Structure formats: structure tokens, C-alpha cells
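Residue numbers (my numbering): 1 to 140.
From the three backbone atoms N, C-alpha and C, an ideal C-beta is built for every residue, glycine too.
Quantities reported herein were computed from a predicted structural model and do not represent experimental measurements.
Worksheet for the structure shown next.
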């Protein structure tokens, strides 16, 4: 198994408070990975095109205002299919319709998680997601 402690965690979200809660939850869970935040799919795509320290995981808000998470996933799949096949891409959202969940899985995302309402529950959810992907094998 590969050690991913040197790979950053990418978070795509427009909500500053949510970004702070997620970053805090990651730190409190004991993960020391750098955290890179993006406010749009376009920012994420630009960063992923730079061949340095690819992410351990991408957490993406499903309901982004300008380009929603589904469109972000499509954009990445079209532009960086080889890279994206080896990076877990997980949706993290306040709400998700059954249609959005179906579409997310059709696009080969690795999960759709609803953001809990309490900081404590956010920490538990983040820890579960990250621990799972730490233990899982990733293609090189």
C-alpha cells in the first residue's frame, strides 16, 4: 500500500464556513496532509494540470453555484481521465437528490456524502472517509 500523507487533500466548495469546518475536522482526525481549497471546478482543473504532488482525495460540493459538482466531474473526466482514474473523487454536500446521486455514480465518483449538521458529526464523517481511502489500494 502507498503512503498518502505527503499528498494534499483537495476540497472544492464555495462556502467559506464549510471549508473551515472541513479543514478543522481533517486536522482533528489526525491527518497532517496539506489542504488545498478551490472555489470552482475551473480552479481545480487548472491545478490538476500542474504535474506536482497529485491529491490523495478530492472532496467536491455537489451544489456549487456556477458549475455544479456533476459538471465538475464531467469536466475532469473529459480533460484528465487517466489522472482521475487513480484519485478518489467524493461528493460532499448539504443536500443531494436521488437523481444527483445516480448521476454521480454514473460518472464513477466514489461516494456521495451528506454534510452532517454538527461539527462533531462532520469530524466523524471526514475521519471515516479519509480512513477508508487510506486503507484502500490506489492505482499508481
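Using a Cβ-Cβ cutoff of less than 6 Å, which residues in the same chain neighbour residue i once the five nearest sequence positions on both sides are dropped?
i           : result
residue 63  : 93
residue 4   : 56
residue 37  : 11 and 19
residue 104 : 91 and 112
In this structure, what does DSSP give as the bridge partners for residue i?
i          : result
residue 10 : 36 and 58
residue 93 : 114
Mind checking whether residue i and residue j have CB atoms under 8 Å apart?
i          : j          : result
residue 91 : residue 66 : no
residue 35 : residue 57 : no
residue 9  : residue 39 : no
residue 79 : residue 45 : yes
residue 20 : residue 61 : no
residue 73 : residue 89 : yes
Apart from the five residues on each side of it in sequence, which residues of its chain come closer than 7 Å, Cβ to Cβ, to residue i?
i           : result
residue 23  : 35
residue 131 : none
Would you mind giving the Cβ-Cβ distance between residue i and residue j, rounded to the nearest angstrom? I have them listed as a contact below 8 Å.
i          : j           : result
residue 70 : residue 100 : 7 Å
Could you name the residues of the same chain whose beta carbon sits closer than 8 Å to that of residue i, not counting the 5 residues immediately before and after it, in chain order?
i           : result
residue 77  : 84, 107 and 108
residue 115 : 18, 92, 93, 94, 122 and 125
residue 47  : 10, 36 and 38
residue 97  : none
Please indicate yes or no: does the CB of residue i lie closer than 7 Å to some heavy atom of the ligand ZN?
i           : result
residue 115 : This structure lacks the ligand ZN; in fact it carries no ligand of any kind.
Any contact of the stretch 22-39 with the stretch 97-110, i.e. 3+ C-beta pairs under 8 Å? Counting Cβ pairs under 8 Å, fewer than three are found: no touch.
Is the stretch 124-139 close to the stretch 36-54, with three or more CB pairs under 8 Å? Put simply, the stretch 124-139 does not touch the stretch 36-54. Fewer than three CB pairs are less than 8 Å apart.
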